[in-house]
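Under the working numbering, the first residue of the sequence shown is numbered 1, with each subsequent residue one higher.
Backbone N, C-alpha and C fix where the C-beta goes; we use that ideal spot for every residue, glycine too.
A quick write-up on the structure given underneath.
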Amino acid sequence: MARFTLPRDLYFGPDAMNELSCLKGYKKAIIVTGGSSMQKFGFLDKLKNILHEAGLETKLFEGVEPDPSVETVYRGAQAMREFEPDVIVAIGGGSPIDAAKAMWVFYEYPEKTFDDIKDPFTMPKLRQKAVFVAIPSTSGTATEVTAFSVITDYKTLIKYPLADFEITPDIAILDNSIPLTMPKSLTADTGMDALTHAIEAYVATLHSPISDALALKAIQMIYENIISSVEGNEEARGEMHMAQCMAGMAFSNALLGICHSLAHKTGAQFEIPHGRCNAILLPFVIEYNAKTVPERFADIARALGLPGATDRQLINSLVDAIKALNAKLGIKQSYQENGVSEEAFKKVADFIAENATADPCTGSNPRETDVAAMRKVLDCAYYGKDVEF
Numbered sequence: 001m002a003r004f005t006l007p008r009d010l011y012f013g014p015d016a017m018n019e020l021s022c023l024k025g026y027k028k029a030i031i032v033t034g035g036s037s038m039q040k041f042g043f044l045d046k047l048k049n050i051l052h053e054a055g056l057e058t059k060l061f062e063g064v065e066p067d068p069s070v071e072t073v074y075r076g077a078q079a080m081r082e083f084e085p086d087v088i089v090a091i092g093g094g095s096p097i098d099a100a101k102a103m104w105v106f107y108e109y110p111e112k113t114f115d116d117i118k119d120p121f122t123m124p125k126l127r128q129k130a131v132f133v134a135i136p137s138t139s140g141t142a143t144e145v146t147a148f149s150v151i152t153d154y155k156t157l158i159k160y161p162l163a164d165f166e167i168t169p170d171i172a173i174l175d176n177s178i179p180l181t182m183p184k185s186l187t188a189d190t191g192m193d194a195l196t197h198a199i200e201a202y203v204a205t206l207h208s209p210i211s212d213a214l215a216l217k218a219i220q221m222i223y224e225n226i227i228s229s230v231e232g233n234e235e236a237r238g239e240m241h242m243a244q245c246m247a248g249m250a251f252s253n254a255l256l257g258i259c260h261s262l263a264h265k266t267g268a269q270f271e272i273p274h275g276r277c278n279a280i281l282l283p284f285v286i287e288y289n290a291k292t293v294p295e296r297f298a299d300i301a302r303a304l305g306l307p308g309a310t311d312r313q314l315i316n317s318l319v320d321a322i323k324a325l326n327a328k329l330g331i332k333q334s335y336q337e338n339g340v341s342e343e344a345f346k347k348v349a350d351f352i353a354e355n356a357t358a359d360p361c362t363g364s365n366p367r368e369t370d371v372a373a374m375r376k377v378l379d380c381a382y383y384g385k386d387v388e389f
């Protein structure tokens, strides 16, 4: 038996935020955000007004940092316990939404610790006190429809991907007007994160006909729109916002692979944005995994109209196309080119490989992976060398 889980309601399109009038009957909403951009462009005030008109009292918890910390999660949970909301609304990039998901757990179960929930599918039953609404401002993480939340332990510099269907939001809002505010570099990084989600979902061990359909369509939409999106085309931004959501639906159920395992660990160590880490790693991980599932990557190449008469030729075309896409987006193709010194790399490479192997995403990678293999892939991504093993 397989399972496919999504939010109960997904509202999308221009001014989709207005649909939160559906929350009439609830009493209190806590709004979790990073703060500045949502306030600057008026989306925070708009959200408050909609909730107030629906009869809800609101409280703001802001200042969630990029790559939210365990400490921020605990502070947010405490604020929730003091306010006692029956609705949690997270608005902003992936960070405030991820943070709010974890806060939700500790709000409903204050006796729990982070160690209690960091292993996949170990969370208690939620919705005992509140429902969850997610409104993304970026087009990449798709956390608004997923069973995942990434929280950073800054004491160890390890990112932990929390995984459980319990933290899948109840309502997702894809309001096309919000991602129009993203700067170019963020649009590029989050777009490549979304492409990685879709590709890894298509080849992951738990893929299904449902996830395959969503992943392939998302790959096509992202490949066709990402450049125009970065250049500021409004229609392309809207297409990317929908495509990243579809990729999220796919990977939340099919799961991911070692591109994300390595991105989780290298991002914290090298202070490189998560999406950019995925963009760097993706061609090398495709080369590694293509030894096991060549036909799946060939499918992707065909869907994109790339040249090749054999699986091998199609895989080479796919790798070349992703590298060319990175170049057009201004993303350098190796960690070394992205400013990570060889000394710094060698100091933590074994640590990264060990922790990436233990990452929950590794279990659904199509090719079996151990620490030695993970280190080899990491070496290739650092120096920009082809994966030939």
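Q. To the nearest whole angstrom, what separates the beta carbons of I88 and F132, a pair I think is in contact under 8 Å?
A. With 8 Å as the limit, I88 and F132 qualify as a contact, their Cβ atoms being about 5 Å apart.
Q: Take P360 and list the residues in its own chain whose beta-carbon comes closer than 7 Å to its own, dropping the five residues that flank it on each side.
A: So the qualifying residues of the chain are P120, P161, A163.
Q) What residues are listed by DSSP as bridge partners for Y160? A) Y160 is bridged to I151.
Q: Taking A391 and S211 to be in contact with their CB atoms under 8 Å, please state how far apart those CB atoms are, rounded to whole angstroms.
A: In this structure the chain extends from 1 to 389, so residue 391 is not present and cannot be described.
Q: Report the residue from V70, E53, A79, S69 whose alpha carbon sits nearest the alpha carbon of L60.
A: Ranking V70, E53, A79, S69 by Cα distance to L60 puts A79 first.
Q: Could you tell me the distance, in whole angstroms, from the CA atom of L186 to the CA atom of D98?
A: So the two alpha carbons sit approximately 17 Å from each other.
Q | DSSP-derived helix/strand/coil call for Y202 | A | Residue state, collapsed to three classes: helix.
Q: Give the C-beta separation of E62 and K125 to the nearest angstrom, bearing in mind that I take them to be a contact with Cβ-Cβ under 8 Å.
A: In fact, because the Cβ distance is near 29 Å, the residues do not count as touching under 8 Å.
**Q.** Element boundaries [beta strand (DSSP E), containing I173]
**A.** 171–175 is the extent of the beta strand (DSSP E) around I173.
(Q) Between the alpha carbons of A344 and K291, how many angstroms are there, rounded? (A) Straight through space, the alpha carbons of K291 and A344 are spaced by roughly 30 Å.
**Q.** Paired residues, beta bridge with G384 - DSSP
**A.** Beta-bridge pairing links G384 to no other residue.
Q: Round the Cβ separation of Y383 and S334 to the nearest angstrom and send it over; I've been treating them as touching at under 8 Å.
A: Contact flag correct, Cβ pair sits at about 6 Å.
**Q.** Extent of the continuous alpha helix (DSSP H) run through L60
**A.** Run containing L60: none in the alpha helix (DSSP H); it sits in the beta strand (DSSP E), 57–61.
Q | Close-in-space but distant-in-sequence residues of the same chain around E342 (CB under 6 Å, 5 per side omitted) | A | So the list is empty, once near-sequence residues are dropped.
**Q.** CA-to-CA distance, M182 to T391, given in whole angstroms
**A.** The displayed coordinates of the chain run from 1 to 389. Any statement about residue 391 would go beyond what the structure contains.
Q | Residue from T138, G35, E108 with nearest C-alpha to R127 | A | The residue from T138, G35, E108 with its alpha-carbon nearest to that of R127 is E108.
Q: Measure the alpha-carbon distance for A254 versus A2 and round it to whole angstroms.
A: The straight-line gap from Cα to Cα measures roughly 10 Å.
Q. Is it true that the segment 296–307 meets the segment 243–262, where meeting means three or more beta-carbon pairs spaced less than 8 Å apart?
A. Too few Cβ pairs lie closer than 8 Å, so no.
Q) Should S139 go down as buried or exposed, given a rule of 16 or more other Cβ atoms within 10 Å for buried? A) Note on S139: 16 or more other CB atoms within 10 angstroms of its CB, so buried under the neighbour-count rule.
Q. Contact between the segment 307–320 and the segment 354–371: three or more CB pairs below 8 Å?
A. Output reads no: the segment 354–371 does not touch the segment 307–320.
Q: Express the C-alpha separation of G93 and P179 in angstroms, rounding to a whole number.
A: If I take the Cα positions, the gap works out to 9 Å.
Q.
Alpha carbons only, please: which of I171, A134, L20, G363 is nearest the one belonging to A204?
A. Among I171, A134, L20, G363, the Cα nearest to that of A204 belongs to G363.
Q: Mark E337 as exposed unless 16 or more other C-beta atoms lie within 10 angstroms of its C-beta, in which case mark it buried.
A: Classification for E337: exposed.
(Q) What residue range does the beta strand (DSSP E) around V133 cover? (A) Run containing V133: 131–136, per the beta strand (DSSP E) assignment.
Q. Looking only at its own chain, which residues have a Cβ that is under 7 Å from the Cβ of A263, when we skip the five neighbours before and after it?
A. For A263, where only same-chain residues beyond five positions count, the Cβ hits under 7 Å are H274, C277, N278, L281.
Q: Please name the residue in V105, G267, D67, L44 whose C-alpha comes closest to that of Y74.
A: When each option's Cα is compared against that of Y74, the closest is V105.
Q | L304, DSSP secondary structure in three states | A | Reduced to three states, the DSSP call for L304 is coil.
Q. When burial is assigned at 16 or more other CB atoms within 10 Å of the CB, is C259 buried or exposed?
A. Buried, since its Cβ has 16 or more Cβ neighbours within 10 Å.
Q | DSSP-derived helix/strand/coil call for I272 | A | Of the three classes helix, strand and coil, the one that applies to I272 here is coil, per DSSP.
Q | Own chain partners of R410 with C-beta closer than 8 Å, once the 5 adjacent residues on each side are dropped | A | This structure does not reach residue 410, given that the chain is present from 1 up to 389, and the question cannot be answered.
Q.
Looking at the strands, I want to know which residues DSSP matches up with G13.
A. According to DSSP, which records beta bridges pairwise, G13 is partnered with D175.
Q | Status (buried if at least 16 other CB within 10 Å, exposed otherwise) for G238 | A | Buried, by the Cβ-count rule.
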